[in-house]
Amino acid sequence: MNAPRPLPPPPAPGDVAPGHALQWISAGWRLFMQAPGTWAVQALIFIIVITALGFLPVLGWAAAPIALPVLVAGMLAGAQALDRGQTLRVDHLFEGIRRHAGNLLLVGVFHLLGLLLAAMVAAASGGSAMLTGAAIGAFAGMGMAAGGMMLGMLVFTVLWALLMMALWFAPALVMLHGVAPLDAMQLSARACVHNLLAFLVLAALLYVLLWVAMLPAGLGMLILIPVIAGALYAAWKETFSPSLGLPASPAGDDPQPAPPPSEPPRP
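So the sequence shown is numbered by the working numbering: it starts at 1163 and just counts up by one.
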């Protein structure tokens, strides 16, 4: 009986220049333009699934955060297929269910637990000041209560940002590297902290693009979601697999070198 093949060691994150964030978005746009119709259908299904899960009775609030890494991993599989010269299919969106479903769902569970923990810590941080302000009453008490609310929001924002760092590369590391869920989230957070300036630039660019995408009745999200998936794929390649390079332009964009002239026949 053959022994199972050992998994390769988890990749170590490399150094990334801050200006490369724009290159990642450009790479995401190039991948989108290779199959815009298929990408738009994937994005529409993505939005419908996440929205529908959120409306589920009782557990809807928990289902969407758990399913998010599974769907993101599927879009990453589609980006990888395009990058390898293959055809993008709509059902690539569900590739995460067919491969590594358990580990991707665990990433989603840790995502949900992280959100709950961040909310609890924020409530504990700001809630005590709000209760004290309510007990004091008058103008000073109102100021203390408002300060407690602002403190709670600040604590939640910081913890949420750290959680997003742990989640950013986790689907790619699980889906494309076979890394265990907790290891993937630790590596993701380590990569984001190690290249903090690059990811702050990326976050700022995505924030601006999000507002632009929401202007035409939100229809721009059908473009932005695939572009973000492509940018995430490009960021993963450069951060964890720099030897692979960024996603190439579609075939035909780069001219091929002409063959050397043949020698004239000898008389």
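Cβ atoms here follow ideal geometry from the backbone N, Cα and C, with glycine treated the same way.
The structure displayed is predicted, hence computed values, not measured ones.
Cβ separation of residue i and residue j, assumed to be a contact under 8 Å, to the nearest whole Å
i            : j            : result
residue 1219 : residue 1353 : The pair is not a contact, with the Cβ atoms about 38 Å apart (cut-off 8 Å).
residue 1323 : residue 1186 : Incorrect: roughly 19 Å between the Cβ atoms, too far for contact.
residue 1347 : residue 1272 : 6 Å
residue 1371 : residue 1381 : With 8 Å as the limit, residue 1371 and residue 1381 do not qualify as a contact, their Cβ atoms being about 14 Å apart.
residue 1342 : residue 1394 : Not quite, the Cβ-Cβ distance comes to about 20 Å (not below 8 Å), so this is no contact.
For residue i, the three-state DSSP class (helix, strand or coil)
i            : result
residue 1318 : helix
residue 1381 : coil
residue 1403 : coil
residue 1177 : coil
residue 1340 : coil
residue 1331 : coil
residue 1197 : coil
CB of residue i within 8 Å of CB of residue j, strictly
i            : j            : result
residue 1280 : residue 1318 : yes
residue 1351 : residue 1366 : no
residue 1258 : residue 1233 : yes
residue 1244 : residue 1179 : no
residue 1392 : residue 1256 : no
residue 1336 : residue 1263 : no
residue 1224 : residue 1274 : yes
residue 1202 : residue 1384 : yes
residue 1182 : residue 1379 : no
residue 1248 : residue 1388 : no
residue 1358 : residue 1390 : no
residue 1430 : residue 1254 : Given a span of 1163 to 1429 for the chain in the structure shown, any question on residue 1430 remains unanswerable.
| task | Mind listing, in chain order, the continuous beta strand (DSSP E) runs of no fewer than 3 residues lying wholly within the stretch 1206-1285? | result | none
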